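See structure below.
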Amino acid sequence: MSDLAALWAASGLAGLDAGAAIMIGVGLLLLYLAIRKEFEPLLLVPIGFGGILANIPGADLALTAFESSLHGGDAALRAQLAEQLGLPADATGKALSTAFESAGVALQASLEGLAQDAGYSHGVLYQFYRVTIASGVGPLVIFMGVGAMTDFGPLLANPRTLLLGAAAQFGIFATLLGAVALSSAGVFDFTLQDAAAIGIIGGADGPTAIYVSSILAPDLLGAIAVAAYSYMALVPLIQPPIMRALTTRAEREIVMVQLRPVGQLERILFPLLLLVLVALLLPGAAPLLGMFCFGNLMRECGVVERLSAAAQNALINITTIFLGLSVGSKLVAGKFLEFETLGILALGVVAFAIGTAAGVLIAKLMNRLSKTPINPLIGAAGVSAVPMAARVCNRVGLEANPHNFLLMHAMGPNVAGVIGSAVAAGIMITLLGG
Amino acid sequence: MSDLAALWAASGLAGLDAGAAIMIGVGLLLLYLAIRKEFEPLLLVPIGFGGILANIPGADLALTAFESSLHGGDAALRAQLAEQLGLPADATGKALSTAFESAGVALQASLEGLAQDAGYSHGVLYQFYRVTIASGVGPLVIFMGVGAMTDFGPLLANPRTLLLGAAAQFGIFATLLGAVALSSAGVFDFTLQDAAAIGIIGGADGPTAIYVSSILAPDLLGAIAVAAYSYMALVPLIQPPIMRALTTRAEREIVMVQLRPVGQLERILFPLLLLVLVALLLPGAAPLLGMFCFGNLMRECGVVERLSAAAQNALINITTIFLGLSVGSKLVAGKFLEFETLGILALGVVAFAIGTAAGVLIAKLMNRLSKTPINPLIGAAGVSAVPMAARVCNRVGLEANPHNFLLMHAMGPNVAGVIGSAVAAGIMITLLGG
Amino acid sequence: MSDLAALWAASGLAGLDAGAAIMIGVGLLLLYLAIRKEFEPLLLVPIGFGGILANIPGADLALTAFESSLHGGDAALRAQLAEQLGLPADATGKALSTAFESAGVALQASLEGLAQDAGYSHGVLYQFYRVTIASGVGPLVIFMGVGAMTDFGPLLANPRTLLLGAAAQFGIFATLLGAVALSSAGVFDFTLQDAAAIGIIGGADGPTAIYVSSILAPDLLGAIAVAAYSYMALVPLIQPPIMRALTTRAEREIVMVQLRPVGQLERILFPLLLLVLVALLLPGAAPLLGMFCFGNLMRECGVVERLSAAAQNALINITTIFLGLSVGSKLVAGKFLEFETLGILALGVVAFAIGTAAGVLIAKLMNRLSKTPINPLIGAAGVSAVPMAARVCNRVGLEANPHNFLLMHAMGPNVAGVIGSAVAAGIMITLLGG
Amino acid sequence: MEESLLQEGLDLMLFGMLTVVLFLALLVLATSALSAAVRRFAPPAPAPIAAPRSDAAAATDPSPAVVAAITAAIVRHRHATARRKEGP
Amino acid sequence: MEESLLQEGLDLMLFGMLTVVLFLALLVLATSALSAAVRRFAPPAPAPIAAPRSDAAAATDPSPAVVAAITAAIVRHRHATARRKEGP
Amino acid sequence: MEESLLQEGLDLMLFGMLTVVLFLALLVLATSALSAAVRRFAPPAPAPIAAPRSDAAAATDPSPAVVAAITAAIVRHRHATARRKEGP
Ligand code: NA
Ligand code: NA
Ligand code: NA
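Chains as they are written, first to last, in the numbering used here: chain H, 9 to 442; chain X, 9 to 442; chain G, 9 to 442; chain L, 7 to 94; chain Y, 7 to 94; chain C, 7 to 94.
So this is what it looks like as structure tokens:
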């Protein structure tokens, strides 16, 4: 009979609390959005599934050995852990967790060792998290693959569009300020680091958002990644009203000059130029932009097709699977079902809207100052969300003039937006990280 | 001349003992079976080769730095290690090993550090083992890939066949009892954990067997994995006599109802349904079945083809290479050339036989109770060994009726057997693990 | 304003010293050679790019947390680190580094932990280095892939060519002696380990050179890998003059006997034979030749096509990317811009030349002793540099006799050279490693 | 230990087998309910069970000779890409 | 903390946005200079911007039917290779 | 150190080179014996040395035009699959 009792005690139903149930529901909702609504499915399918796995009561897939041991009923072990942390033997699990997080690396390792000695082990999702996100490697490898998939041709043909990519980053910084203002007003309790990580949602770049929040605000990573990918998927709904509101029909009808052809040498030299500028001026952006330029150089140099193909296929796909599951491992009730998450979701959509507006307005300004016409719609592509935002520009443009194809013109600001948010990320990590 | 002496002392011939020579022979035998007899070559080629590499005298490829240092002649280091382990300075290597295994994580790390300081390093096969098996990650990634390759259509068209997959797991538990009985009788010396890991051979599922024994009985892992894959390859020899003995010709001639088509929505919802049931009732099975369902969802959802292809190709192939070599690293003389290994091999084949018989008999029972005809041969497919067992059913069925194709009907119990043994694995890990 | 000051302090321009600037130039030069001159681009593109990334001032991508912390200005942390290392609180960064390198594993881990507690983290290139090179795994995986790409047919058809592969390794040992002689003469300051690692450049095998120097001379790894790959690319320039100087036109015109067909069974048994010989006689070569034989067995056995394809494509390409970046991480000014590097470059080209000459001369000798004709040009292919050296033989042979195709005949010594340098590597690691 | 090893093994067998059967029986019920619900509320377009999605694409059915030629080309292509162009 | 959180946020916004704009403006200048230099000293052979290198290979332009057949064959081939031949 | 560095280097060269030559000479003998045994006890079906297994499949030998079309299709297919459909 003891077996039956043990099985029941270990079963999910016995351990299920409201938080875990809600989070499993959130995971299913993300899967629904990803599969049925095609919301960025490459990331949201693994994230949603990882979120469900992380919340299975009793399985502890997203926990370290130490965290698992706090769920277990071993009083002697607990007293031992508490003693090492300088707490009384009857300290709550919450108190032990908090003390653990502020402990040093050596003490943490020692506590994990004690938990492992007692038979607890690291959950598999935690192991994925440690290797792909805590190390910082996962988003960088994705970024390398994105670089290997990126065509800088349209940008090189019209380098002015880099300014549109810069303008759209205003969404990031305005949102940062908004988060800080809401905290100052006492609505939320975000630190400056939290605010920066939330702002980066406005960069509309998944790996950048994951990278920044893994450094500045790991506790918010789940909510930030979900918001970033969800809003990237919602770009076709969020952007068009703003684009229409800020432009006249005449502006939307502007036909742009045919892009000149770009040769291979320019394509090879551009990632190196960008790398050197980053190296000299913004080393904080070097991990992200360095890997991005490396991927792009492999693509364009024409002599390492094997490596470029690996970066664009096997490597990025494998990394995406584990990165998604790892992000999902952060969707645990204690960290996601907080009032702050609502703030993150609200601020995220504001960030997208401001970025879109800034891009369009600067494009209008450039149109005044320059004699080469720019259709202001392509400013909206500066938020990145490659290539969705560029397609939205194209579609809104076609509404105004059915013969005016803006897609290629919008690809310039679109990839410029990737560079822009990586630059913004580098600045924030330099000033707030460490 | 000292060079010559050093080379000779380091050479394999100087260090070769009978155990290593026999194990190299065992490795060559596995390669012969894999290549010439096509015994599950995807696993047995790496396992056999890894077994040879692990037994090269003096190369210490499968050993940690600490284990390597015990082979070295450094008396001062040895005294230091013995002192930390609380043993006298002249303790034997065996005594040091035993003390090391029962030491805590912190002390083990400290001893490994001392050995590394003295110039010893972890062997490459040990490193593969630590990353793919000790972490538990390798079998889970394989299981994800298997999920991405699994077609649940036949099972969904005829869900009753899940019961056949359940019935065949009787082989697992009967073998467990047999192993325990032999231990009680004093023939072998298996613990309950060992018995459970041996029983899982009857699950006819390689990754499940490796996963369970890596947790419950790491010392037996080599023998268990070799038995599991060898008997999976022998399914065409083991099963038909049992199938024929337990059925009449009339039963073998039964023609089954054509399977109904299964739509995509059912295919998408099934892995989610299974996941939720596992989450609520059997969290111990969550790692295995969670990854399996994740792979299957990627396959069926239709929006992440890139990831599904990666899981089915690059990722599973790469993991298989390293998993096989890691299993091979456990084929060292000291652990494999034991009387227990004979017991494992004998019990393994019994497990297959009992599982086959149980599947066939329950299919006959279902045939009595239900009016929809079931050909009892397909019960044998419930052991899994996908898709070999289903092909065997088809072949034995064609002997009786050359126009009766059972393949698709047998795929239902076949994949049900995968679920069934993962469930059994979860129960055993919950009750006996940790 | 403090932000502006912080950004400037963190910027590359503020931190740029001459060494870093020169090394960035070296990285760009390597990229130029790789892309424009097609110098082994698969390795030199990642190595060159990694070299640039490693030298970005302030980004610390190639440093551990401890090393990064020495660049930071935290005096309290520094005093703490110095105290643990038994140094005065005002010790220089150089002194701390030196003390760290000679500290034990446990103390190093503790110091890294302190640096991480203070907010420093391991750079991404350092993480790649630790996983692919420090562990020894990267070169071995590449070697497995090379094995899976290697056709031993020509070698099996004419096994005598193995002796040419042996002869060409004289380049390795002569260079070792040269390096030692220069050190004895006081020109350089190479240890015996350094000399061996430099000599291995003459093996003309990238992964072997990286593997050996990662064990015997990690500080020289960057220069050695760059020299090895550069000279492999320069084989078409280095070898022909030597080949022409040492042979008469009549010798170069020798037509060789058509190679016999080689069956699958021989192809399967050869890697096993080689493995057994290595196991018995030279376990020090077991990691390299074991993985090489494993790859070749997967290729030839015909039953694991999936695994062979993975080893030849996804796995080797992914590993090449990270291995190249990791080698690049060793191209930091402090270690590369030394007078020793010039010595390595000079000795490397000598090694190639001696190896080429030895191969040709032994082929001439064999031609005297045997009645089956051997074109002495194919002796030059014994240095390996697969398949470039074989192509060079073919080209030089065609100059003498436009109808004499030596390519297939040269493939025998070419792959024999791979075995030969792995054997030499094993000897050196056995005698000098640990 | 209050129970003998054999008793423990017997317990484990009984509970284990029972749990496996109950779990899979529950899965039969749940799957049947799921299928019924799906077929009621979202009837799928009929598609033969043995045909994976990709076969639909293959329905244009090129002649075996063409398939053979194509396969050869693919093999050759793969082989070519797998070749060791430069010795890594 | 001498500054309020809000003040810090405002500073960060101003400096951050300014740096982004300046960096990308510098990149505009550098890129334009680069392009000018390349087109002056190493004029590229003209190639339409929208055409990636691989399209050149596609210029033989097989008929849609042939492409469909080939695609089907590739899919079938991939499917076949992806199949679980032996249960790993 | 009883020997000078130079003496050690010389020793290492002599022993190293000798070992390499002896090992590969032994391999020549063993390989020759292996080949003789295989050809005696299991004579292989003759196959030209330069033809890897896959070329057998290519023996149906489609015309260059067909191969070109197929290659284009494969390249296009690969390119298409490599494209960044959704921005990961
Ligand atoms: Na952006
Ligand atoms: Na099973
Ligand atoms: Na060589």
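All C-beta atoms in this analysis are idealised placements derived from N, C-alpha and C, irrespective of residue type, glycine included. Computed from a predicted structure; not experimentally measured.
Item: Taking CB distances under 8 Å as the criterion, tell me whether residue 235 of chain G reaches chain C.; Value: no
Item: Taking the alpha-carbon positions, what's the residue 220 of chain G to residue 52 of chain G distance?; Value: 19 Å
Item: For residue 67 of chain X, which of helix, strand or coil comes out of DSSP?; Value: coil
Item: Please list, following the chain, all residues that have a C-beta closer than 6 Å to any non-hydrogen atom of ligand 3.; Value: G/211, G/212, G/213, G/391, G/392, G/425, G/426, G/428 and G/429
Item: By the 10 Å Cβ neighbour count, where 16 or more other Cβ atoms means buried, how is residue 379 of chain G classified, buried or exposed?; Value: exposed
Item: With 16 as the cutoff for other CB atoms within 10 Å, does residue 377 of chain H come out buried or exposed?; Value: exposed
Item: What's the gap between the Cα of residue 34 of chain X and the Cα of residue 155 of chain G?; Value: 23 Å
Item: Is DSSP giving residue 128 of chain G helix, strand or coil here?; Value: coil
Item: List, in chain order, every chain X residue whose beta-carbon is nearer than 8 Å to that of residue 118 of chain H.; Value: 114
Item: Going straight from the alpha carbon of residue 410 of chain X to that of residue 263 of chain X, what length do you get?; Value: 11 Å
Item: So that I know if they touch, is there some Cβ in chain H lying closer than 8 Å to that of residue 298 of chain X?; Value: yes
Item: Would you say residue 291 of chain X and residue 65 of chain H are within 8 Å of each other, going by their C-beta atoms?; Value: yes
Item: Candidates G/40, G/187 and G/374: which alpha carbon is nearest residue 203 of chain G's?; Value: G/187
Item: In chain order, what residues of the segment 126-159 of chain G put their CB closer than 7 Å to some CB of chain X?; Value: 143, 144, 145 and 148
Item: Quick check: residue 19 of chain Y and residue 300 of chain H, are their CB atoms within less than 8 Å of each other?; Value: no
Item: Tell me whether residue 242 of chain H sits in a helix, a strand or coil according to DSSP, three-state version.; Value: helix
Item: So which residues of chain G does residue 30 of chain X contact, with C-beta pairs closer than 8 Å?; Value: Simply none; closest approach about 13 Å.
Item: Using only the alpha-carbon positions, how far apart do residue 104 of chain H and residue 74 of chain H sit?; Value: 10 Å
Item: Helix, strand or coil for residue 47 of chain Y per DSSP?; Value: helix
Item: Just tell me which of H/369, H/166, H/435 and H/321 has its CA closest to the CA of residue 317 of chain X.; Value: H/321
Item: Rounded to whole angstroms, what is the Cα-Cα separation between residue 50 of chain G and residue 275 of chain H?; Value: 19 Å
Item: Listing by chain order, which chain X residues have their CB less than 9 Å from the CB of residue 42 of chain H?; Value: 309, 311 and 312
Item: In whole angstroms, what separates the C-alpha of residue 312 of chain G from that of residue 24 of chain C?; Value: 37 Å
Item: For residue 24 of chain G, decide whether its Cβ has a neighbour in chain H, counting only Cβ atoms nearer than 8 Å.; Value: yes
Item: Taking contact to mean at least 3 C-beta pairs separated by less than 8 Å, is the segment 197-216 of chain H in contact with the segment 414-433 of chain H?; Value: yes
Item: So residue 276 of chain G contacts chain X; which residues on that side make the cut at Cβ distance below 7 Å?; Value: 43
Item: In three-state terms, what does DSSP make of residue 414 of chain G?; Value: coil
Item: Quick one: which chain H residues come within Cβ less than 7 Å of residue 124 of chain G?; Value: 113
Item: Closer than 7 Å by beta-carbon distance: list the chain Y residues that pair up with residue 439 of chain H, in chain order.; Value: 18
Item: Note down, in chain order, each residue of its chain lying with its Cβ closer than 6 Å to the Cβ of residue 24 of chain X, except the 5 sequence neighbours on either side.; Value: 65
Item: Go ahead and pull the three-state DSSP assignment for residue 48 of chain X.; Value: coil
Item: Please go through the same chain and pick out, in chain order, the residues whose beta-carbon is closer than 6 Å to the beta-carbon of residue 308 of chain X, but skip the five residues on each side of it.; Value: 275 and 276
Item: Along the segment 62-83 of chain G, what residues have a CB closer than 7 Å to any CB found in chain H?; Value: 64, 65, 66, 67 and 69
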